[in-house]
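One structure is given below, encoded as structure tokens.
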Amino acid sequence: MAFSEFECARYLKMMEQLVEDIRPPLAIRSEIDYVTELEKQSLMLYEMSPSFSGDGTTQRFPVAKITYVKTKKHWVLYGMRASGKWMQHSTHHLLDLAIGTLKLDPDSNFFG
Numbered sequence: 033m034a035f036s037e038f039e040c041a042r043y044l045k046m047m048e049q050l051v052e053d054i055r056p057p058l059a060i061r062s063e064i065d066y067v068t069e070l071e072k073q074s075l076m077l078y079e080m081s082p083s084f085s086g087d088g089t090t091q092r093f094p095v096a097k098i099t100y101v102k103t104k105k106h107w108v109l110y111g112m113r114a115s116g117k118w119m120q121h122s123t124h125h126l127l128d129l130a131i132g133t134l135k136l137d138p139d140s141n142f143f144g
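This is how it looks when you write it as structure tokens:
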């Protein structure tokens, strides 16, 4: 079951606040920036940068995914590995805690 409209709006607002907190300075946002999206039961965080080909397009790289597991009633934080596979980082009973862990990035798994 997908999130309700209210939940979608609430969760996206929380993730957008995270994006505002971690965004680079305005002067370099054309080179690197972050965006968030809701995909089914997951909140996705992407890094955006210009394409290496120089054709003016933008590339989007997945950084983190926070998924709600309804059967266990918790949020799972995943990080994207260099292999292109998601690696489970931690589980949290509250979305706030998962976002806080992502923002603090204590092990430098998400933002280097």
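Residue 144, in the working numbering, is where the sequence shown stops; the numbers in between run on with no holes. Beta carbons are placed, not taken as given, at the ideal position from N, Cα and C, and that holds for glycine.
According to DSSP, which residues form a beta bridge with Gly-132?
-> By 1-based counting over the sequence shown, the position of residue 132 is 100. Its beta-bridge partners do not exist; DSSP assigns none.
Pull up the CB-CB distance for Lys-105 and Asp-53, whole angstroms please, since I reckon it's below 8 Å.
-> As a first step, residue 105 must be located in the sequence shown, where it is residue number 73. As a first step, residue 53 must be located in the sequence shown, where it is residue number 21. Lys-105 to Asp-53, Cβ: 26 Å. No contact.
In whole angstroms, what is the alpha-carbon distance linking Thr-103 and Lys-72?
-> Working through the sequence shown from its first residue, we reach residue 103 at position 71. Working through the sequence shown from its first residue, we reach residue 72 at position 40. Thr-103 and Lys-72: Cα-Cα distance of roughly 15 Å.
Assuming Leu-75 contacts Ile-98 under a Cβ cut-off of 8 Å, what Cβ separation, rounded to an integer in Å, is found between them?
-> As a first step, residue 75 is located in the sequence shown; it is residue number 43 there, counting from the start. As a first step, residue 98 is located in the sequence shown; it is residue number 66 there, counting from the start. Right, the Cβ-Cβ distance comes to about 5 Å (below 8 Å), so this counts as a contact.
Would you kindly work out how many angstroms separate the C-alpha atoms of His-124 and Tyr-43, rounded to a whole number?
-> In the sequence shown, counting from the first residue as 1, residue 124 sits at position 92. In the sequence shown, counting from the first residue as 1, residue 43 sits at position 11. Between His-124 and Tyr-43, the C-alpha separation is close to 15 Å.
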